[in-house]
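The first sequence maps to residues 10 to 952 in our numbering. Cβ atoms here follow ideal geometry from the backbone N, Cα and C, with glycine treated the same way. Have a look at the structure below, then the notes.
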Amino acid sequence: MHKYDHKKIEKKWQNIWEKKGVYHADDKSKKPKYYTLIEFPYPSGDGLHVGHPRPYIGMDVISRKRRMQGYNVLYPIGWDAFGLPTENYAIKTGKDPRVVTKKNTDTFRKQIKSLGVSFDWSREINTTDPKYYKWTQWIFLQFYKKGLAYKAKMTINWCPKDKIGLANEEVINGCCERCGTPVEKREKEQWMLGITKYAERLDKDLDTVDYLPQIKIGQRNWIGKSVGAEIEFKISSTNESIKVFTTRPDTIFGATFIALAPEVAKKITGKDFGIKVDTDRENKEKIGIDTGLKAKNPASGEQIPVFVVNYVSADYGTGAIMGVPAHDERDFEFAKKYNLPIIDVVIPIRVDNTNPHISGKKIVERKAVQAIIRNPKNGKILCLNWKAHPWTTFVVGGVEKGEDILEAARREVLEETGYKNIKFIRVLGGQVRSEFFAAHKDENRVAYFNAILFELENEDRIEVSREEIEKHEVVWKDPKDIRSDTMQCGELDIWLERLKNENAVNAENGILTNSGKFNGMDSENAKKEIIKFVGVEEKTTFKLRDWIFSRQRYWGEPIPIIHCSKCGMVPVPEKDLPVELPKVKNYQPTDSGESPLANISKWVNVKCPKCKGGALRETDTMPNWAGSSWYYLRYTDPKNKNAFADKKNLKYWTPVDWYNGGNEHTTLHLLYSRFWHKFLYDLKLVPTSEPYMKRTSHGMILGEGGVKMSKSVGNVINPNEIVKIYGADTMRVYEMFMGPFDQSVAWSDEAIIGPRRFLEKVWKLGELVEKNSVRVGARLRVKRRDFSLPDSTIAKLLNKTIKKVSEDIEAMHFNTAISAMMILATEMQKSESVSEKDFKMFLQILAPFAPHITEDLWQTLGEKKSIDLSVWPKWDENLIQDEEVTIIVQVNGKVRGQFKASVDISEAEAKSKAENLPEVRKWITTGVKRFVFIPRKLINIVV
RNA sequence: GCCCGAGUGGCGGAACUGGUAUACGCGCACGACUUAAAAUCGUGUCUCGCAAGGGAUGUGGGUUCGAUUCCCACCUCGGGCACCA
């Protein structure tokens, strides 16, 4: 046999696979189907870099394994080719984006093909192909017909110098990326898609799919479902009212003002107050202006002021909120600034589990106070060590009749500690209800605590009574020793939070107070009852906003609408689809910010499809998201001229069984395509309500040193260079081995040699197996030195490895799968003799990672059919069971020894064995306190 | 600011449901083979200590017989935040 020559064998097998079409998915098959999907790439001018193929290889491993498991696999690829970078390139160079895209996709295709990914290239699609975007436009028309595509005035970023609408990305520090001119906001009519109509289902149906938990959380947070109520506040002296949305109707008695979004205020008052909601991401200071209006709190009957503020968004809820400063941090900040009343209406509850109520004892309710005294000189806190009980507490005591909490606190401090001069700092928020057993009084206590922070002014003390001295000792404690495990205080977490953060408020549910007839009710019930009381119903709101769907750009799908002065907006008839992008001379938008399409009068001026009169085409185009919202459907029938895909094909192939993509796409793209899919499902055009059964994510590959790969940084690594030097198989194994698939990893030119050495080792093993075997007819037989008897070490390890690789692939733990195979290869090499049968099984489990070298060795060893058509090996459960295990012996958690024992050794036997180990014996002379035995694993002796 | 994820040797990383921390790979050192080098193979490689032992998984604390793993607080980095894809 010859040297491992990757260039030769990789080219050879790629040609054979392509000629035989082994990776073409079959639309009709008796096998069960499996649809694997990767996010189709945007063919940028930078070309493919080594980060692109990582997900393709990952899903290729899954796809190849599925084929060997007997599935008919669809693993397609295409190009998501509309978008800004190509357009900006066209603006700069004047080159036709079609030409640029063609060139880029050709490069990408050639690069990807050299990696031996088992894509079905016969189904390749391109979103910029009129035959494809015909159907993107067709789907848009369905949205339009159902009223889900509509026009609305929206604010956009506008560069007054370039006269162009800017993407958020193109705005750097409020200035245009190109010319540095400060960006203005401009109102513009935009096409919208009514995704909010699907918000509820997009949230709920997540229960039916298998997405990674953080992806589901991301989707849910984005949708932002919250249940609450819309409550009307009547404006005094007019007949009008303000509707607020709140998730906390139980706090309505604490509503001391109304806060309006600027747009809403303008609507109500007709005045512009000059306040804008900050779209900046940093938290800005809250600003408000009193409108002079008063509104009536429908629960308390109070007249409360109405403010315009910069922290309420018109897009969310009703654009108006009731300000409840006691129970919302933002409202609290605002109320403090504008001196608005803060009324506590919900008391949080804590139950002291270390000191719980004892049944049978009487329950006593009491108002009480915690005095927290800080010595400003050293930061220490005044505490009491109780003599009859194992407690440390703050200075604590009941509030007597006729006393306020401040008086009570000062009195307790004086009585219990003698300190005369303490300075009041602040009350730590509202009351807290604390339940505990008061052992010193032998009663169950329900205390309504306030806490007050003081500072010690000086050490002057009066003498403390004998009675108090017998009860407790006065101590100053370090703040780090004020913890829930050192202090007897069930509600301590609340005080610590409020000590740290002056703006901390109680946002928890609890027991109502200051709330008229609802006093004493818990929040959950109060929410329902108060909604009834003010005469409204529960209302669900979403953060999700409708989708701005139009762009004033050239390189996107034209929106297929015609504006007729007589008939209004008229959809382009289906027979006239696609509305093709005309060629233009200049890709720069018009002076008024319209798409460059607006300059082509020949294209713009059309006959109205209805009245045949003069009409104008819509010149807006669709965003890049459009084509990628349904591409997985087109793959099932990519050449269909009569429908976006044939129903039979859709029924057979969809839903996608496993979709893997970047972390950066797990909210927007995923949500948008789920929305389109659900819409199509409602039109009975697709057979399932969810497009993807399973969704996983991969991490990026960064340049050396951990920075993003980009042409501008100059750290782009071209996979073709790697393929040339090391081969596609090495590249594939390395990309799967370099780190956990779902996390970002930095590329290393040095480390890739490891996978190469591994494959060379495999090649040599192949030589060894071939040399030790003799051909009998078409079969290879082992001639000599075959140690792989059923109980041999190699056979055992092989079976364990088959199990591990099989399972790791499913979990996308490709790196550990490869590690296991490296160990197996090293052991095989050490044994110097491996049976043909065992070696072939090893080739099979390696094949998804390194398809070329394994195919070559497989057929060299006499197989006639592709290794891809072989059956994925099964492991033998009997062979992976160990009879003997190593048991670790720890003393006080430190490893002191170990011994071998049979797996079913009894605890008593293990104990005597462990205790008799000389290296253990010297540690346990003081006597064994406790003995922990974990079968098959470990013993811990506590002395 | 908000949401999600991650911090372990010189480097990439491993450790299943809380049970020997550092598997596997890179690098480095030494040895074998070689006239020599490369390649290959073998041995070693967290750290302090002569040793007995001790200390290390971003930082501080907690729970536990036992914590990289669970809980709390904090720090740093990456991703997303609606016109980048």
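Taking the Cα positions, K140 is about 29 Å away from K703.
Residue W564 holds the alpha-carbon nearest to the alpha-carbon of N633 among P365, I165 and W564. For the region 421 to 481, the full-length beta strand (DSSP E) segments reaching 3 residues or more read 431 to 436, 441 to 447 and 452 to 465 along the chain. Nearest Cα to N595 within the set P587, E272 and P605: P605.
Counting only residues of its own chain and dropping the five nearest sequence neighbours on each side, S559 has a CB closer than 6 Å to the CB of Q199, W200 and D629. For K160, the closest C-alpha among the options L659, N729, T495 and I568 is that of I568.
Taken atom to atom, the span from the alpha-carbon of A418 to that of T300 is near 41 Å. Close CB contacts of W144 within its chain, under the 6 Å cut and outside five residues either way in sequence, are with F653 (chain order). Counting the other CB atoms within 10 Å of its CB gives I762 a total below 16, which places it among the exposed residues. The residue from R187, K197, R132 and F445 with its alpha-carbon nearest to that of S601 is K197. Within the DSSP secondary-structure output, R930 pairs in no beta bridge. Going by DSSP, R704 is part of the beta strand (DSSP E) stretching over K703 to H707.
Remark: fewer than three beta-carbon pairs, one from each stretch, lie closer than 8 Å, so the region 895 to 909 and the region 814 to 829 are not flagged as touching. In terms of CA proximity to D219, W667 leads the group W667, A176 and S915. If you keep only unbroken alpha helix (DSSP H) runs of at least 4 residues inside the region 86 to 118, you get 93 to 102.
For Y43, same chain residues with a beta-carbon under 6 Å away, outside a window of 5 residues either side, are R75, Y80, V82 and D666 in chain order. Assigned with DSSP and collapsed to three states, Y13 falls in coil, not helix or strand. Between Y153 and I862, the C-beta spacing is not below 9 Å. Contact holds between the region 420 to 440 and the region 454 to 474, because three or more Cβ pairs, one in each stretch, are under 8 Å apart. Under the DSSP assignment, M331 falls in the beta strand (DSSP E) whose first and last residues are A329 to G332. Using a C-beta cut-off of 8 Å, the region 575 to 587 makes contact with the region 603 to 618, since at least three inter-stretch Cβ pairs fall below that distance. Residue burial is scored here from C-beta neighbours: G60 has at least 16 other C-beta atoms within 10 angstroms and is therefore classed as buried. Taking the Cα positions, K396 is about 55 Å away from K548.
DSSP, read as helix, strand or coil, puts T549 in strand.
Rounded to whole angstroms, the Cβ separation of L553 and T205 is 6 Å, and the two are in contact under 8 Å. Note that the C-beta distance between T663 and L680 is not below 9 Å. Contact check for K536 against D340 fails: the beta carbons are separated by 9 Å or more. With the rule of 3 Cβ pairs closer than 8 Å, the region 260 to 270 counts as touching the region 323 to 341.
The Cβ neighbour count for R507, taken over all protein chains shown within 10 Å, is at least 16; the residue is labelled buried.
Under the 10 Å beta carbon count, N528 is surrounded by fewer than 16 other beta carbons and is classified as exposed.
Residue pairing by DSSP places Q907 opposite I897 in a beta bridge. Check the Cα spacing between S493 and each of V484, W485 and I503: the tightest is with I503. With respect to N729, S235 sits apart: the two C-beta atoms are not nearer than 9 Å.
When DSSP states are grouped into helix, strand and coil, R945 belongs to the coil group. The residue among P399, K39, Q379 and G519 with its C-alpha nearest the C-alpha of V405 is Q379. Contact between L947 and I914 is absent: CB atoms are separated by about 12 Å, not below the 8 Å threshold.
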